[in-house]
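Peer 1: Numbering (the working numbering), first residue to last: 63 to 686.
Note that beta-carbon positions come from the ideal geometry of N, C-alpha and C, so glycine has one too.
Here you go, one structure.
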């Protein structure tokens with residue numbers, strides 16, 4: 063192929079290219095060129111050859127071009143650079159590739175990059191706007207790579223976690239910002255997110271650079287490059303104020319509810335006290351008149367009022383503290399029977415009891431379970447308008463190996479309370495155990511919610527069936543206990559005995575009443591006002607060789623030594639002391655677990671003669 067043919071072929075190839083090719087000498091003059099079209103030429107085609115770069119560019123830009131041309135001519139190395147031209151009031155961008163042709167000439171290959179440059183500028187502007195907006199947000203905005211290293215975090219993230227701005231892209235993984243015990247779970251969640259399997263928000267405990275912890279909520283989604291996971295982007299919400307607000311709201315609601323509850327209990331207390339005052343006045347009058355039988359009858363009628371007062375105080379304590387149940391093994395049948403009859407006092411509702419001959423023993427808090435039964439009975443009374451028949455069933459059930467959604471496998475005592483009232487409307491059935499939900503004009507809406515909480519803390523559950531116009535049945539399930547109760551006859555043995563008993567209590571009336579009960583039963587009784595006095599009296603008797611058989615210690619002595627401290631002092635010289643703790647704080651852990659603290663038994667206040675005698679009998683029997 064001759065030279066002309068080769069040149070023709072080369073020209074044909076170059077004409078299909080979008081690049082422009084110029085031959086330029088050492089003075090910046092255009093010697094030749096090849097360009098497709100005329101739309102982006104700085105000069106008309108006929109004027110390009112022979113013109114200079116100084117005819118196209120401003121002086122400073124032309125000098126920059128000429129300097130680059132001479133450097134290429136001198137060293138022969140390829141140069142690339144970018145520049146811009148304004149044509150027809152439009153700024154256009156170009157990329158130049160300069161190659162040596164001879165010692166006095168270069169070839170300049172020019173391609174337009176206007177679209178690319180504008181896209182890059184738009185991207186930078188967009189990124190800048192994003193960063194400005196992200197820095198204005200009150201939440202943390204972040205990005206990680208596929209290895210979980212933080213590649214970007216906004217100003218809030220820097221402020222909240224306390225790390226320097228330049229620390230994130232180099233050293234920190236996102237899971238390093240949560241507590242160590244949560245990091246494995248956090249890493250698994252992030253991997254799941256990258257796979258698209260997990261997109262729900264996650265709660266963690268955040269950790270600042272100084273070690274401070276706080277609750278956070280993480281919202282995140284994966285992002286991809288070339289179809290592959292490249293990392294995650296997300297928002298971190300500081301939940302500290304939200305959690306505090308939730309606690310404050312819960313406390314406010316609880317205080318409001320406690321006020322309503324206390325108001326109701328105060329009303330009941332006033333009624334009870336009125337009756338008790340009246341009973342005492344009548345009894346005093348009958349005694350003066352010598353009517354002993356009438357006096358006994360009046361006093362016996364007063365006993366349920368005292369029991370009711372005791373239940374009211376425990377109900378208030380249970381709600382106020384919301385503590386764990388103080389469980390002990392007992393007979394649920396008696397608790398249910400007594401509570402139902404008391405709750406129906408004054409109404410025309412007739413209770414019908416049905417129970418299995420053999421009922422599993424259960425372990426429960428009698429005060430809390432009594433509260434549950436009473437709450438359900440109160441609702442039944444409202445539904446029945448204080449008329450009709452209330453069916454109460456007590457039986458035992460066995461959940462198989464699978465159990466149910468709400469109950470684990472095992473043995474349970476089931477209490478069924480069926481009323482013949484109006485039934486629960488279908489639209490309310492999903493809400494009846496919600497706190498503060500009520501359809502009554504009066505009431506806190508806490509009864510069933512509190513009942514649900516109590517039974518759940520006992521390891522059981524409550525369910526119900528209801529039919530409009532035909533009534534409702536509530537079923538309470540309480541886990542059974544393994545051991546059997548003592549026989550009924552053993553608990554009602556006569557209260558009598560011999561021995562020496564020391565009573566320590568700061569209340570005069572309690573010392574006198576308890577002392578009288580014990581003296582009537584045949585015991586020798588001494589009394590102490592404080593823990594210090596009790597320790598001294600017990601030590602003196604012990605050293606004389608006539609130790610007390612039992613000591614009853616009040617746990618709380620204002621301004622003095624309480625029963626627990628007194629017991630520890632006595633154990634220093636008599637480790638086998640038989641002590642009973644007593645307190646009006648039924649929620650006290652010592653009352654619930656006396657053996658744990660070295661006591662033989664506990665005696666919650668207030669107590670009746672039967673309870674008092676049973677505790678003394680058991681402790682005395684245990685020493686033999």
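In three-state terms, what does DSSP make of residue 662?
Peer 2: Note: residue 662 maps to coil in three-state DSSP.
Peer 1: Can you tell me whether DSSP reads residue 669 as helix, strand or coil?
Peer 2: Coil at residue 669, not helix or strand.
Peer 1: For residue 152, tell me which candidate among 141, 173 and 180 has the shortest Cα-Cα distance.
Peer 2: The option with the nearest alpha carbon to residue 152 is 180.
Peer 1: Tell me where the beta strand (DSSP E) around residue 416 begins and ends.
Peer 2: Residues 410-417.
Peer 1: Under 6 Å Cβ to Cβ from residue 126, same chain only, skipping five residues before and after it: list those, please.
Peer 2: Here the set comprises nothing.
Peer 1: Taking the alpha-carbon positions, what's the residue 147 to residue 171 distance?
Peer 2: Their Cα atoms are separated by approximately 16 Å.
Peer 1: Provide the residue span of the beta strand (DSSP E) that contains residue 525, from first to last.
Peer 2: Element bounds for residue 525: 523-529.
Peer 1: So residue 564 and residue 613 are in contact, right, with Cβ under 8 Å, and what is the actual spacing, rounded?
Peer 2: That pair is a contact at about 4 Å.
Peer 1: Suppose you measure from the CA of residue 510 to the CA of residue 560; what does that come to, to the nearest Å?
Peer 2: Between residue 510 and residue 560, the C-alpha separation is close to 48 Å.
Peer 1: Name, in chain order, the residues that DSSP records as bridge partners for residue 158.
Peer 2: BP columns for residue 158 point to 143 and 172.
Peer 1: With a cut-off of 8 Å, do at least 3 Cβ pairs link the region 430-449 to the region 408-418?
Peer 2: With a cut-off of 8 Å, the region 408-418 and the region 430-449 count as touching, because enough Cβ pairs lie within range.
Peer 1: Starting from residue 92, trace the beta strand (DSSP E) in both directions and tell me its first and last residue.
Peer 2: Residues 92-96.
Peer 1: Cβ atoms of residue 422 and residue 459: under 7 Å apart, would you say?
Peer 2: Their beta carbons are not under 7 Å apart, which means residue 459 does not touch residue 422 by this criterion.
Peer 1: Residues in the same chain with beta-carbon distance under 6 Å from residue 196, minus the five sequence neighbours each way, listed in chain order, please.
Peer 2: 203 and 216, listed in sequence order.
Peer 1: What does DSSP give as the partner residue(s) for residue 264 in the beta ladder?
Peer 2: Note: residue 264 sits in a beta bridge opposite 280.
Peer 1: Using 8 Å as the threshold, is the region 109-118 in touch with the region 135-145, meaning 3 or more CB pairs across them?
Peer 2: Because the criterion of three Cβ pairs below 8 Å is not met, the region 109-118 and the region 135-145 do not touch.
Peer 1: Please confirm whether residue 592 and residue 622 have their CB atoms less than 7 Å apart.
Peer 2: Going by C-beta atoms, residue 592 is nearer than 7 Å to residue 622.
Peer 1: Whole angstroms is fine: what's the gap from residue 188's alpha carbon to residue 205's?
Peer 2: Cα-Cα distance, rounded: 16 Å.
Peer 1: Give the range of the alpha helix (DSSP H) segment to which residue 109 is assigned.
Peer 2: Residue 109 -> alpha helix (DSSP H) spans 107-110.
Peer 1: May I have the straight-line CA-CA distance separating residue 481 from residue 451, to the nearest angstrom?
Peer 2: If you take the alpha carbons of residue 481 and residue 451, they lie about 7 Å apart.
Peer 1: Hey, could you find the ends of the alpha helix (DSSP H) residue 600 is sitting in?
Peer 2: Residues 593-605.
Peer 1: Roughly how many whole angstroms lie between the Cα atoms of residue 396 and residue 585?
Peer 2: Cα-Cα distance, rounded: 31 Å.
Peer 1: Quick check: what's the CA-CA separation for residue 271 versus residue 220?
Peer 2: If I take the Cα positions, the gap works out to 10 Å.
Peer 1: What does a CB cutoff of less than 6 Å around residue 437 pick up in its chain, not counting 5 residues either side in sequence?
Peer 2: Closer than 6 Å at Cβ, skipping near neighbours: 509 and 513.
Peer 1: Quick check on the DSSP output: the beta strand (DSSP E) that includes residue 478 runs from which residue to which?
Peer 2: It spans 472-480 - the beta strand (DSSP E) in which residue 478 sits, taken as one unbroken run.
Peer 1: Since residue 281 and residue 296 should fall inside the 8 Å C-beta cutoff, what is the C-beta to C-beta distance between them, to a whole number of angstroms?
Peer 2: Correct: roughly 5 Å between the Cβ atoms.
Peer 1: Report the rounded CA-to-CA distance for residue 461 versus residue 405, giving the unit in angstroms.
Peer 2: Near 31 Å, if we compare the C-alpha coordinates of residue 405 and residue 461.
Peer 1: What's the C-alpha gap between residue 388 and residue 394?
Peer 2: So the alpha carbons of these two residues sit roughly 15 Å apart.
Peer 1: At which residues does the beta strand (DSSP E) containing residue 687 begin and terminate?
Peer 2: Because the chain in this structure spans residues 63 to 686, residue 687 falls outside the shown range and cannot be described.
Peer 1: Residue 268 to residue 678, Cα distance in whole Å?
Peer 2: Those two C-alpha atoms are separated by around 55 Å.
Peer 1: Among all the DSSP beta bridges, which residues are the ones paired with residue 84?
Peer 2: Note: residue 84 sits in a beta bridge opposite 95 and 170.
Peer 1: Terminal residues of the continuous beta strand (DSSP E) containing residue 270?
Peer 2: Looking at the DSSP string, residue 270 is not in any beta strand (DSSP E), and its letter there is neither H nor E.
Peer 1: Any idea what DSSP makes of residue 616, helix, strand or coil?
Peer 2: Strand.
Peer 1: In three-state terms, what does DSSP make of residue 190?
Peer 2: DSSP places residue 190 in helix when its eight states are reduced to three.
Peer 1: Any contact of the region 121-135 with the region 153-173, i.e. 3+ C-beta pairs under 8 Å?
Peer 2: The answer is yes - the region 153-173 touches the region 121-135, with three or more Cβ pairs under 8 Å.
Peer 1: Exposed or buried, residue 522, counting other C-beta atoms within 10 Å across all chains shown (16 or more means buried)?
Peer 2: By the 10 Å Cβ count, residue 522 comes out buried.
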